[in-house]
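Numbering (this note's numbering), first residue to last: 469 to 794.
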Amino acid sequence: MQRQPDALLESVESFLKAQQSGIYKVFSDVEDTQFAMIELTLANSRARYDYNSRLQTLIIRWPSDVHDTTVQRVEDCFEAAMRRQEEQPTSAHYSWTSSTTFKSRVDYPGEGPEKKKSDRFIADYTIYDDDLQIYLIVEVAFSQSRDKAIQLIRERMKEKETIVGAIVIDLIESPSYHSPNRQPTSEDYTDLDEWHSIVQQSPPYGPIHRKVDQQMWIGSIRCTIDILFNQEEGLDVKKAIIIPEGDSLASVDEAFSKLWARVVNKVTHNGAKPVPFEMDWPRFRRELTRAIARTARGRHDDWCPSKKKNLKASDDDDLSLPTQKK
Numbered sequence: 469m470q471r472q473p474d475a476l477l478e479s480v481e482s483f484l485k486a487q488q489s490g491i492y493k494v495f496s497d498v499e500d501t502q503f504a505m506i507e508l509t510l511a512n513s514r515a516r517y518d519y520n521s522r523l524q525t526l527i528i529r530w531p532s533d534v535h536d537t538t539v540q541r542v543e544d545c546f547e548a549a550m551r552r553q554e555e556q557p558t559s560a561h562y563s564w565t566s567s568t569t570f571k572s573r574v575d576y577p578g579e580g581p582e583k584k585k586s587d588r589f590i591a592d593y594t595i596y597d598d599d600l601q602i603y604l605i606v607e608v609a610f611s612q613s614r615d616k617a618i619q620l621i622r623e624r625m626k627e628k629e630t631i632v633g634a635i636v637i638d639l640i641e642s643p644s645y646h647s648p649n650r651q652p653t654s655e656d657y658t659d660l661d662e663w664h665s666i667v668q669q670s671p672p673y674g675p676i677h678r679k680v681d682q683q684m685w686i687g688s689i690r691c692t693i694d695i696l697f698n699q700e701e702g703l704d705v706k707k708a709i710i711i712p713e714g715d716s717l718a719s720v721d722e723a724f725s726k727l728w729a730r731v732v733n734k735v736t737h738n739g740a741k742p743v744p745f746e747m748d749w750p751r752f753r754r755e756l757t758r759a760i761a762r763t764a765r766g767r768h769d770d771w772c773p774s775k776k777k778n779l780k781a782s783d784d785d786d787l788s789l790p791t792q793k794k
């Protein structure tokens, strides 16, 4: 007898198929056996997820260009520091590596007949060693809340003593994007010449919208950063403003240096002097500006892929005639 399709798995597959950048979805009442099946599907996608077996909650989120660019800029700075560190004359052994797809697992004692519970979590960037011991977590909260991201990381730092700290970058979009609640027409498509003009006239960190109908493709982006230290009170940096510019980032840079030093000391067992750590904030802001425009364009194209005849015609649109460029 053929097995009936699993409604939960179908719902997950439908969400993954949509590939809506910057969107997340919470699935409740997900049992461990169900998650084991779903995880096979998730392994073949770019989606990020975390699963709490005790709460039976699965959160799946699609990264956006803004999200990926933010991760890439932080990753670049850590990768450069790791390379400089390894080039220093020392007898220290560096068994570290890094990944944007590393899956961490936290086991908890189960109740009743269950031997244990296991949570799964894929951070946006992780530094870990050959024994899969985690030292640093970086999480970008664009399609999830900052508080939720910090809560998840605090739980993992509590269970994984090797983690020296974490970085949470929060990208707040205001107003939040909502896809138009209608089918697109041929008049909705914005060609690239018009699009470039719209972007050039928009503030560097959004919003980006068409003046003709005020359709918002991305809201204004504000960026803050939290730097968390594991079991070291008084060192945390909370909600420092990266974008818009204005505030001094001296405390942020100092916290980055302290966090980096703790990673090096943990990996080498205090056997090496940490090289200076540098965050390239001008490039971070410059690249984020471009990513904001790309994310906006991606949302436009997801809703209105092209000015083709299969789009629904507006009342005064004759699709039988060539469309003239405005």
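Note that CB positions come from ideal geometry on N, CA and C, so glycine has one too. Predicted model, so just to flag it, every value in this text is computed and none were measured.
Could you check what DSSP says for residue 530 in three-state terms: helix, strand or coil?
Locating residue 530 in the sequence shown gives position 62, where the first residue counts as 1. The three-state reading of DSSP puts residue 530 in coil, since its state is none of H, G, I, E or B.
- Query: For residue 772, which three-state DSSP category applies?
  - Reply: Residue mapping note: residue 772 aligns to position 304 of the sequence shown, counting from 1. Looking at residue 772 - three-state DSSP - the assignment turns out to be coil, as it is neither helix nor strand.
(request) Could you tell me whether the stretch 725-733 touches the stretch 663-674, using the rule of 3 or more Cβ pairs below 8 Å? (result) Cβ pair count under 8 Å is below three, so no.
| Of the choices 594, 766, 605, whose alpha-carbon is the least far from that of residue 533? | Translated into positions along the sequence shown, residue 533 becomes position 65. The residue among 594, 766, 605 with its C-alpha nearest the C-alpha of residue 533 is 766.
Do three or more CB pairs link the stretch 520-528 to the stretch 490-503 at distances below 8 Å? They touch, by the three-pair rule.
Since I believe residue 692 is in contact with residue 638 (beta carbons under 8 Å), could you give me their beta-carbon distance rounded to a whole number of angstroms?
Within the sequence shown, the letter at position 170 stands for residue 638. Within the sequence shown, the letter at position 224 stands for residue 692. Their Cβ separation, rounded to whole angstroms, is 5 Å, which keeps residue 638 and residue 692 in contact under 8 Å.
* To do: Could you check the C-alpha separation between residue 491 and residue 740 for me, to the nearest Å?
  => Sequence index remark: in the sequence shown, residue 491 carries index 23 (1-based). Sequence index remark: in the sequence shown, residue 740 carries index 272 (1-based). Each residue's CA atom was taken as its position, placing residue 491 and residue 740 some 42 Å apart.
Which first and last residues belong to the alpha helix (DSSP H) in which residue 482 is found? Your numbering for residue 482 matches position 14 in the sequence shown. Its alpha helix (DSSP H) spans residues 475-486.
### Query
How many angstroms separate the CA atom of residue 475 from the CA atom of residue 591?
Indexing the sequence shown from 1 puts residue 475 at position 7. Indexing the sequence shown from 1 puts residue 591 at position 123. Using only the alpha carbons, I get a separation of about 27 Å.
Just to confirm the assignment, what range does the alpha helix (DSSP H) spanning residue 617 have? As a working mapping, residue 617 is identified with position 149 in the sequence shown. Run containing residue 617: 614-627, per the alpha helix (DSSP H) assignment.
With 16 as the cutoff for other CB atoms within 10 Å, does residue 516 come out buried or exposed? Position 48 of the sequence shown, counted from the start, is the residue given in the question as residue 516. Flag for residue 516 reads buried.
> Between which two residues does the alpha helix (DSSP H) carrying residue 727 extend?
Replying inline: For this step, residue 727 is matched to residue 259 along the sequence shown. Residue 727 -> alpha helix (DSSP H) spans 718-736.
In the DSSP assignment, what are the bridge partners of residue 520? Counting from 1 along the sequence shown, the entry for residue 520 is found at position 52. DSSP output for residue 520 lists 525 as bridge partner(s).
Task: Inter-residue CB distance, residue 689 and residue 710 (contact presumed, cutoff 8 Å) - done: Residue numbering aside, residue 689 sits at position 221 when the sequence shown is read from its first letter. Residue numbering aside, residue 710 sits at position 242 when the sequence shown is read from its first letter. Contact annotation, residue 689 with residue 710: C-beta distance approximately 10 Å; criterion of less than 8 Å not satisfied.
Quiz item: Between which two residues does the alpha helix (DSSP H) containing residue 506 stretch?
Solution: The residue given as residue 506 occupies position 38 in the sequence shown. Residue 506 -> alpha helix (DSSP H) spans 500-510.
Given residue 482, which residues of its chain have a CB within under 7 Å of its CB, disregarding the five upstream and five downstream residues? Your numbering for residue 482 matches position 14 in the sequence shown. So the list is empty, once near-sequence residues are dropped.
Take the Cβ of residue 783 as the centre, count every other Cβ of all protein chains shown within 10 Å, and call the residue buried at 16 or more, exposed below. Locating residue 783 in the sequence shown gives position 315, counting from the first residue. The predicted model places residue 783 with a pLDDT of 40, which falls under 50 and marks its position as unreliable; any figure quoted below should be read in that light. Exposed is the call here.
Is it right to say residue 751 is buried, meaning 16 or more other beta carbons lie within 10 angstroms of its own, or is it exposed? As a working mapping, residue 751 is identified with position 283 in the sequence shown. Classification for residue 751: exposed.
Worksheet item: Out of 564, 539, 541, which has the shortest C-alpha to C-alpha gap to residue 551?
Response: One-based indexing of the sequence shown puts residue 551 at position 83. Selection 564, 539, 541 evaluated against residue 551 yields 564 as nearest (Cα-Cα).
Between the stretch 598-612 and the stretch 624-643, do at least 3 Cβ pairs fall closer than 8 Å?
As far as the Cβ criterion goes, the stretch 598-612 touches the stretch 624-643, which means the pair count is three or higher.
* Asked: Among 548, 705, 713, 696, which residue has its Cα nearest to the Cα of residue 673?
  -> Your numbering for residue 673 matches position 205 in the sequence shown. A check of alpha carbon separations from residue 673 across 548, 705, 713, 696 identifies 713 as the nearest.
| Taking residue 556 as the reference, which of 761, 747, 742, 760 has the closest Cα? | Numbered from 1 along the sequence shown, position 88 holds the residue referred to as residue 556. Comparing Cα-Cα distances from residue 556 to each of 761, 747, 742, 760, the minimum goes to 742.
Requested in this report: Since I believe residue 696 is in contact with residue 633 (beta carbons under 8 Å), could you give me their beta-carbon distance rounded to a whole number of angstroms?
Outcome: Walking along the sequence shown from the start, residue 633 turns up at place 165. Walking along the sequence shown from the start, residue 696 turns up at place 228. So it is a contact: roughly 5 Å between Cβ atoms.
Are the beta-carbon atoms of residue 746 and residue 545 separated by less than 8 Å?
What you label residue 746 is simply residue 278 of the sequence shown in a count that begins at 1. What you label residue 545 is simply residue 77 of the sequence shown in a count that begins at 1. Annotated as proximal: residue 746 and residue 545, with beta-carbon spacing under 8 Å.
Discussion item. Within the continuous alpha helix (DSSP H) that includes residue 662, where are the two ends?
Written reply: Here residue 662 refers to the residue found at position 194 of the sequence shown. Secondary structure note for residue 662: its alpha helix (DSSP H) is the uninterrupted segment 660-668.
Buried versus exposed call for residue 505 [16 or more other C-beta atoms within 10 Å across all chains shown]: Counting from 1 along the sequence shown, the entry for residue 505 is found at position 37. Counting Cβ neighbours within 10 Å, residue 505 comes out exposed, since fewer than 16 surround it.
* residue 684, DSSP secondary structure in three states -> Residue numbering aside, residue 684 sits at position 216 when the sequence shown is read from its first letter. Note: residue 684 maps to strand in three-state DSSP.
*asked:* Counting C-beta neighbours from all protein chains within 10 Å, is the total for residue 722 16 or more, i.e. buried, or is it exposed?
replied: As a working mapping, residue 722 is identified with position 254 in the sequence shown. Residue 722 should be labelled exposed.
Quiz item: What is the C-beta distance between residue 653 and residue 768, in whole angstroms, given that I count them as a contact (C-beta under 8 Å)?
Solution: Counting from 1 along the sequence shown, the entry for residue 653 is found at position 185. Counting from 1 along the sequence shown, the entry for residue 768 is found at position 300. That pair is no contact at about 14 Å.
Apply the 10 Å Cβ neighbour rule to residue 779 and answer buried if 16 or more other Cβ atoms are within range, or exposed otherwise.
Indexing the sequence shown from 1 puts residue 779 at position 311. Model confidence at residue 779 stands at a pLDDT of 48, short of 50, so the residue's coordinates are unreliable and nothing is read from them.
**OP:** Report yes if the C-beta distance between residue 763 and residue 686 is below 8 Å; otherwise report no.
**Re:** Taking the sequence shown and counting its residues from 1, one reaches residue 763 at position 295. Taking the sequence shown and counting its residues from 1, one reaches residue 686 at position 218. Yes.
* Cβ of residue 707 within 8 Å of Cβ of residue 694? -> Counted from its first residue, the sequence shown places residue 707 at position 239. Counted from its first residue, the sequence shown places residue 694 at position 226. Yes, the pair counts as a contact, with Cβ atoms nearer than the cut-off.
**Prompt:** Where does the unbroken beta strand (DSSP E) through residue 741 begin, and where does it stop?
**Reply:** Along the sequence shown, read from residue 1 onward, the residue named residue 741 stands at position 273. Counting along the chain, residue 741 falls outside any beta strand (DSSP E), and DSSP gives it neither H nor E.
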